[in-house]
Structure formats: structure tokens, C-alpha cells
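Before any comments, here is the structure.
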Amino acid sequence: MDRQAWFEGKRWGFFTHYLAGLAGDGDGNTMDAEAWNTQVNGFNVSKLAGQLKEFQPDYFCITIGQNSGHYLAPNHTYDALTGIVPSKCSRRDLVAELIEALEGSGIDLFLYLPSGAPCADEQAVRALEWQENSKLRDHVEAQDRLVSFQRKWEAIIREWSLRWGKSIKGWWIDGCYSPDIMYNFKEEPNFKSLTDAIRAGNPQAVVALAGGTKCPFILQSPYDDYTAGEVGWSLPLAIDGKADMAYMQEKLGGKKLHVLSFLGDAWSQGAPRFPVELAVGYSKYLWSKDGIITWDAPLKLDGEIPAEFREQLKAISRAAKESR
């Protein structure tokens with residue numbers, strides 16, 4: 001099963017965090033379930049799809065949810081396991097509507113999801129038996145790999161994956177910061193059982209498991225298909241200080257070199273942080289190394305991409321076409 005075939009001819013993608021609060025906010029969110037449903041119901045899928053088709057990325061990745069416990073699609077397994085009433089999973093299934101709106105466009109749909117429970121939702125954390133990564137070291141001596149949590153989280157992911165099936169071409173999984181405590185084991189749950197749940201609906205879906213920004217070009221497991229490539233303010237150029245393409249490909253063992261960065265001041269926030277020439281130039285650099293790049297930018301609450309970012313994305317798109 002050669003999932004690397006999906007990457008043939010691909011250059012770049014567009015990523016956005018569509019959340020109840022700021023990306024990375026783990027301090028809690030006062031938005032209640034009805035307010036979240038109101039926000040999601042105001043999302044104009046047709047407008048976003050139309051804008052995506054204007055600059056035609058190879059793929060579009062959107063967050064299902066993150067730290068607040070609000071998700072932009074229903075999940076009965078999550079509701080049953082957490083007991084949260086009313087549900088903070090939206091009644092509207094934005095992913096299903098995006099699938100329909102992008103059908104036939106040539107733009108594949110990717111999804112983002114954390115590997116852990118929503119840290120700002122105390123009820124979910126308790127019910128799912130999650131521990132923050134900073135506390136996981138305490139579980140080593142007790143030989144507790146958060147097995148119960150892992151099985152619950154896999155079941156939640158599996159429901160979404162089976163529902164959307166082969167329409168989801170890729171996943172980017174955040175927060176796999178403690179692989180040697182939770183996942184690097186022969187016995188399940190482990191990296192294999194996690195990625196099996198992710199691919200339950202589409203065995204051909206490409207997956208990246210993110211271990212943080214310090215080593216963006218490291219593959220977390222044998223089950224990764226591309227580097228998570230998460231970077232903050234840096235734009236890395238090499239692996240182990242070597243930018244030779246043959247060396248980089250050898251280090252990745254045939255898997256895809258990939259970088260994820262943001263065009264704004266932070267993840268899906270602010271104004272463009274650098275000239276479009278820099279975004280285009282760095283993209284070209286990665287393409288010259290047979291890599292791909294994903295650029296993050298914000299959406300307005302109704303799903304519209306702000307004009308200043310659309311112009312940058314169009315410039316990246318033009319460069320991608322010229323590079324093919």
C-alpha cells in the first residue's frame with residue numbers, strides 16, 4: 001500500500017485553525033454550546049470553497065477542534081464518553097459540507113486533531129482520563145501509559161474517520177510529545193493502533209504525528225507518511241545542518257519532507273508577518289528539495305479568508321504552477 005503516491009505532483013496546502021478561541025489557548029473558553037453552534041451555523045461553506053478554488057491549493061486542512069472542547073462536527077462517542085450536556089460538538093457537520101463543496105475541485109481535504117483531550121475542558125479531561133504531557137512523567141514509574149485514555153481517544157477518532165471515509169486524504173495530529181511514554185511499544189495501544197483509528201475510514205490517508213517545533217523534520221513513527229514539519233518563527237533549511245537533497249531523502253527513508261508554518265503573526269492570527277516574496281521564496285526552496293509546504297492563515301468567523309492573505313496565497317499558487 002504505497003501512500004507516498006498521493007504526494008506525486010503536490011506542492012502546497014492551505015491550513016486554518018477554526019476554533020472557539022485562539023489557537024493554542026489552553027486556559028479555558030467561556031463560549032457555551034449554543035454560542036458555538038451559532039458560530040458554526042454562520043460558517044459560509046460555499047464562500048470558502050469558492051475562495052479556495054481561486055488559488056487552488058493541492059489540499060486544505062482545517063481543525064476539527066483543539067483545547068477548548070468545541071468541535072465542528074458531531075461525535076456520539078465523544079458525547080457518550082464525556083457526558084457533556086449540551087454537547088460542545090456542533091450539530092452541523094462542517095467537514096461533511098466541505099467534502100461536498102470541494103468535490104471535483106482537485107483540492108483534497110485534510111483534518112487536524114490533537115492527540116490529547118481538550119486540556120481546557122475539565123470534565124472532558126476527567127472523563128477521558130487524560131494527563132497533560134507535563135504530568136506524564138509521573139506515570140512512568142506506575143507503568144501507566146494512559147491506556148484507558150488512548151482507547152477512548154482512538155474510538156472518538158474512529159467514529160469521525162469512518163463517517164467521512166475516503167473523502168479525507170490526510171491527517172495532521174498535534175501534540176505527540178511523549179512517544180516513549182505512550183506510543184513506542186509493541187503492545188497496543190501504540191502508534192499503530194492510533195494510526196489504525198485515524199485511517200479507519202481511508203487506509204490510504206497520509207498521516208503526520210507532530211512532536212513539536214524543535215525537530216520539525218523528524219518522523220515520529222514508522223506509520224508517519226510525511227514530516228509534521230511544525231515551525232514557529234524559524235524557516236528551517238536542512239536536516240542535521242545538511243541541505244543536500246539526497247541526504248535529506250535518505251534520512252527520511254522515502255517519506256515526504258513537509259513544513260507547516262503560518263503567514264500571520266501567529267497560528268491563524270494577525271496580519272501577514274513578512275513580504276509575499278519570502279513566503280514564495282521559502283516555498284520554492286522546499287520544492288527544490290522535493291518537499292511540500294502548508295501555509296496557515298486565519299478565517300473570519302463566517303469562513304471568509306481575509307483579502308490580505310488571499311493575495312499571498314494566490315502568489316504562492318502562481319509560483320507552484322510555474323514549478324510543476
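Residue numbers (this note's numbering): 1 to 324. We put the CB at the ideal spot given by N, CA and C, even for glycine.
Quiz item: Does the Cβ of T38 have 16 or more other Cβ atoms within 10 Å, making it buried, or fewer, making it exposed?
Solution: If you number the sequence shown from 1, residue 38 lands on position 38. That one is exposed.
Quiz item: T77: which of C89, E54, D93 sits nearest, CA to CA?
Solution: Against the sequence shown, residue 77 aligns to sequence position 77. Ranked by how close their Cα comes to the Cα of T77, the residues C89, E54, D93 have C89 in first place.
Self-check item: Enclosing alpha helix (DSSP H) for F110 [first to last residue]
Solution: The sequence position of residue 110 within the sequence shown is 110, counting from 1. Here F110 belongs to no alpha helix (DSSP H); instead the beta strand (DSSP E) covers 108-114.
Exercise. Tell whether a beta-carbon distance below 9 Å holds between G333 and L219.
Key: No answer is possible for residue 333: the residues shown for the chain start at 1 and end at 324.
Self-check item: CB contact flag (F15, W172, <9 Å)
Solution: As a first step, residue 15 is located in the sequence shown; it is residue number 15 there, counting from the start. As a first step, residue 172 is located in the sequence shown; it is residue number 172 there, counting from the start. The criterion of a C-beta distance shorter than 9 Å is satisfied by F15 and W172.
Quiz item: Can you list, in chain order, the residues of its chain whose CB lies under 6 Å from that of R324, leaving out five sequence neighbours each side?
Solution: Taking the first residue of the sequence shown as position 1, residue 324 is located at position 324. Counting only Cβ-Cβ distances below 6 Å, and skipping sequence neighbours, we find nothing.
Exercise. Say whether the region 121-130 touches the region 51-59, bearing in mind that this needs 3 or more beta-carbon pairs closer than 8 Å, one atom from each stretch.
Key: Too few Cβ pairs lie closer than 8 Å, so no.
Quiz item: Helix, strand or coil: how does DSSP classify H258 here?
Solution: Here residue 258 corresponds to residue number 258 of the sequence shown, with the count starting at 1. The answer is strand: DSSP assigns H258 an E or B state.
Practice problem: Flag this pair as yes or no: are the beta carbons of S115 and D174 separated by less than 9 Å? | Solution: The residue labelled residue 115 in the question sits at position 115 within the sequence shown. The residue labelled residue 174 in the question sits at position 174 within the sequence shown. Contact annotation: S115 and D174 have beta-carbon atoms nearer than 9 Å.
Practice problem: Enumerate, from N- to C-terminal direction, the unbroken beta strand (DSSP E) stretches of 3 or more residues contained entirely within the region 260-289. | Solution: The qualifying runs do not exist here; there are none.
Exercise. Work out the CA separation of N67 and D121 for me, nearest whole Å.
Key: Looking up residue 121 in the sequence shown gives position 121. Looking up residue 67 in the sequence shown gives position 67. Using only the alpha carbons, I get a separation of about 7 Å.
Self-check item: As assigned by DSSP and simplified to three states, the class of I305
Solution: On the sequence shown, position 305 is the one that residue 305 refers to. I305: coil per DSSP, three-state reduction.
Quiz item: So, are the CB atoms of K84 and A124 less than 9 Å apart?
Solution: Numbered from 1 along the sequence shown, position 84 holds the residue referred to as residue 84. Numbered from 1 along the sequence shown, position 124 holds the residue referred to as residue 124. It is Ile, not Lys, that sits at residue 84 in the sequence shown. Yes, the pair counts as a contact, with Cβ atoms nearer than the cut-off.
Quiz item: To the nearest angstrom, how far is it from the Cα of A200 to the Cα of Y71?
Solution: Sequence index remark: in the sequence shown, residue 200 carries index 200 (1-based). Sequence index remark: in the sequence shown, residue 71 carries index 71 (1-based). In a straight line, the C-alpha of A200 is about 20 Å away from that of Y71.
Exercise. Just tell me which of L301, G291, W295, K300 has its CA closest to the CA of G9.
Key: Here residue 9 refers to the residue found at position 9 when the sequence shown is read from its first residue. That would be G291, whose Cα lies nearest to the Cα of G9.
Quiz item: Which residues bound the beta strand (DSSP E) around A208?
Solution: To locate residue 208, count along the sequence shown from 1; it is residue 208. That run of the beta strand (DSSP E) goes 206-209.
Quiz item: I think K304 touches L48, with their Cβ atoms under 8 Å apart; what is that distance to the nearest whole Å?
Solution: Along the sequence shown, one-based indexing puts residue 304 at 304. Along the sequence shown, one-based indexing puts residue 48 at 48. According to the sequence shown, residue 304 is Glu rather than Lys. Indeed, because the Cβ distance is near 7 Å, the residues count as touching under 8 Å.
Quiz item: Buried or exposed: where does R145 fall if 16 or more other Cβ atoms within 10 Å of its Cβ makes it buried?
Solution: In the sequence shown, counting from the first residue as 1, residue 145 sits at position 145. It is buried - the Cβ of R145 has at least 16 other Cβ atoms within 10 Å.
Quiz item: Going by C-alpha distance, which of D302, C119, K152 is nearest E188?
Solution: Here residue 188 refers to the residue found at position 188 of the sequence shown. The residue with the shortest Cα to Cα distance from E188 is K152.
Exercise. Determine the burial state of N184: buried for a count of at least 16 other Cβ atoms within 10 Å of its Cβ, exposed for fewer.
Key: Counting from 1 along the sequence shown, the entry for residue 184 is found at position 184. With fewer than 16 other Cβ atoms within 10 Å, it is exposed.
Quiz prompt | Beta-ladder partner(s) of G170, from DSSP | solution = Stepping through the sequence shown from its first residue, residue 170 is reached at position 170. Note: G170 sits in a beta bridge opposite F110, V206.
Quiz item: Which residue or residues does DSSP assign as beta-bridge partners of C61?
Solution: Position 61 of the sequence shown holds residue 61. Its beta-bridge partners are F15, F110.
Self-check item: Boundaries (first-last residue) of the beta strand (DSSP E) holding I218
Solution: What you label residue 218 is simply residue 218 of the sequence shown in a count that begins at 1. Unbroken run through I218: none, as it is neither H nor E.
Exercise. Pick out whichever of K289, G170, Y247 has its Cα sitting closest to the Cα of G13.
Key: Numbered from 1 along the sequence shown, position 13 holds the residue referred to as residue 13. Looking at K289, G170, Y247, the one whose alpha-carbon comes closest to that of G13 is G170.
Exercise. Would you mind working out which of D224, Y223, D225, K214 sits nearest I239, comparing C-alpha positions?
Key: One-based indexing of the sequence shown puts residue 239 at position 239. Comparing Cα-Cα distances from I239 to each of D224, Y223, D225, K214, the minimum goes to K214.
Quiz item: What is the C-beta distance between E132 and C119, in whole angstroms, given that I count them as a contact (C-beta under 8 Å)?
Solution: Position 132 of the sequence shown, counted from the first residue, corresponds to residue 132. Position 119 of the sequence shown, counted from the first residue, corresponds to residue 119. That pair is a contact at about 6 Å.
Exercise. Using beta-carbon positions only, say whether F7 and V206 come within less than 9 Å of one another.
Key: Stepping through the sequence shown from its first residue, residue 7 is reached at position 7. Stepping through the sequence shown from its first residue, residue 206 is reached at position 206. The criterion of a C-beta distance shorter than 9 Å is satisfied by F7 and V206.
Self-check item: Close-in-space but distant-in-sequence residues of the same chain around T227 (CB under 8 Å, 5 per side omitted)
Solution: As a working note, residue 227 is residue 227 in the sequence shown. Contacts found: A208, P216, F217, I218, L219, L252, K255, K256, L257, H258, V259.
Self-check item: N-terminal and C-terminal residue of the beta strand (DSSP E) that I84 is part of
Solution: Mapped onto the sequence shown, residue 84 falls at position 84. Counting along the chain, I84 falls outside any beta strand (DSSP E), and DSSP gives it neither H nor E.
Self-check item: Terminal residues of the alpha helix (DSSP H) in which E36 lies
Solution: Numbered from 1 along the sequence shown, position 36 holds the residue referred to as residue 36. For the record, residue 36 in the displayed sequence is Trp; it is not Glu. Residues 33-41.
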